[in-house]
Amino acid sequence: MRFLLRPAAAAICVSETVAAGVRAVGVEVVVIPNGVRVPEQVGVPAQPPEVLYVGRLSPEKNVDTLLEAVGDLNLVVAGDGPLRERVPNALGAVPHAEVERLLERASVVVAPCEREGFGLAAAEAMAFGRPVVAAAGGALLELVTDDETGLLVPPRDASALRAAVERLLADPALRQRLGNEAHTRARERFGWDGVIERTLEVYRRAAEA
Numbered sequence: 324m325r326f327l328l329r330p331a332a333a334a335i336c337v338s339e340t341v342a343a344g345v346r347a348v349g350v351e352v353v354v355i356p357n358g359v360r361v362p363e364q365v366g367v368p369a370q371p372p373e374v375l376y377v378g379r380l381s382p383e384k385n386v387d388t389l390l391e392a393v394g395d396l397n398l399v400v401a402g403d404g405p406l407r408e409r410v411p412n413a414l415g416a417v418p419h420a421e422v423e424r425l426l427e428r429a430s431v432v433v434a435p436c437e438r439e440g441f442g443l444a445a446a447e448a449m450a451f452g453r454p455v456v457a458a459a460g461g462a463l464l465e466l467v468t469d470d471e472t473g474l475l476v477p478p479r480d481a482s483a484l485r486a487a488v489e490r491l492l493a494d495p496a497l498r499q500r501l502g503n504e505a506h507t508r509a510r511e512r513f514g515w516d517g518v519i520e521r522t523l524e525v526y527r528r529a530a531e532a
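Counting in the numbering used here, the sequence shown runs from 324 upward without gaps.
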């Protein structure tokens with residue numbers, strides 16, 4: 324990593340989690356998160372309430388924990404991967420426009436992997452004003468603030484994950500409160516205008532140097 328990055332005029336990481344690994348080898352970085360579209364308005368979630376997972380269906384994503392926890396609920400899964408046969412009703416890989424449609428329908432979004440370098444699905448859920456139940460680890464700790472923009476649960480703890488999802492499904496007011504705050508923070512942190520301007524500023528400084 325040091326060999327590859329030291330010749331660069333600047334290096335950008337999408338999270339402090341990723342940046343920590345780069346700084347550990349002596350390379351300075353700027354942290355700028357991935358940008359996401361933050362809609363002005365989002366429609367009413369579907370009824371009955373849907374629980375949404377968007378991501379790769381592979382062991383490191385803790386798909387087994389997801390299925391054990393909420394597989395019998397109204398779970399919608401968008402993704403593909405080596406564990407696809409474990410999720411027969413999965414939609415597979417879908418276009419981004421379909422992901423946004425699913426986010427608009429969802430009441431709760433789950434992010435069970437504690438080793439995310441950023442957590443794009445969680446960021447997009449926040450942009451759509453949907454509370455996220457996230458594993459407490461990796462970059463998800465930078466996105467989701469417990470009881471403010473979502474709920475954090477211990478990694479690979481199916482019982483805790485289920486309890487958090489059920490708590491949100493049973494409490495529309497809580498979902499609304501967390502979702503509203505999530506939308507506000509997503510606009511501040513992940514909105515494209517801000518992300519683009521911060522990225523261009525890194526290029527300007529590099530060019531001047």
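Ideal Cβ positions, reconstructed from N, Cα and C, are used throughout, including at glycine.
The model shown is predicted, which means the values in this text are computed figures rather than measured ones.
For Val-399, the enclosing beta strand (DSSP E) starts and ends at 398-401. Spanning the alpha carbons of Val-353 and Thr-522 requires a straight line of approximately 9 angstroms. Excluding residues up to 5 positions away in sequence, Arg-428 lie with their Cβ nearer than 7 angstroms to the Cβ of Ala-369 in the same chain. For Ala-458, no alpha helix (DSSP H) encloses it; the enclosing beta strand (DSSP E) starts and ends at 455-458. Pairwise C-beta distances place the segment 459-467 out of contact with the segment 396-405, as fewer than three of them are shorter than 8 angstroms. For Leu-375, the secondary structure class from DSSP, reduced to helix, strand or coil, is strand. Straight through space, the alpha carbons of Pro-435 and Leu-406 are spaced by roughly 15 angstroms. Cys-336 is bridged by DSSP to Val-354. In the three-state DSSP reduction, Ala-434 falls in the strand class (E or B). For Gly-514, the three-state secondary structure derived from DSSP is strand. Taking Ser-430 as reference, the option from Val-422, Gly-452, Lys-384 with the minimal CA-CA separation is Gly-452.
As summarised for the segment 446-499, the continuous beta strand (DSSP E) elements at least 3 residues long and confined to that stretch are 455-458, 473-476, given in chain order. For Gly-415, the secondary structure class from DSSP, reduced to helix, strand or coil, is strand. In the three-state scheme derived from DSSP, where H, G and I count as helix and E and B as strand, Val-386 is classed as helix. Inclusion of Ala-459 and Leu-484 in the CB contact set at 7 angstroms is not warranted, their separation being larger than that value. Contact check for Val-456 against Ala-487 passes: the beta carbons are separated by less than 7 angstroms. Here the segment 412-427 makes no contact with the segment 330-338; the two share fewer than three CB pairs at distances below 8 angstroms. Non-local C-beta neighbours of Val-393 in its own chain, meaning closer than 8 angstroms and more than five positions away in sequence, comprise Val-374, Val-433, Leu-484, Arg-485, Val-488, ordered along the chain.
In the DSSP annotation of this structure, the continuous segment of the alpha helix (DSSP H) that includes Leu-328 starts and ends at 325-328. When beta bridges are read from the DSSP output, Val-525 appears opposite no residue.
Contact check for Gly-473 against Glu-439 fails: the beta carbons are separated by 7 angstroms or more.
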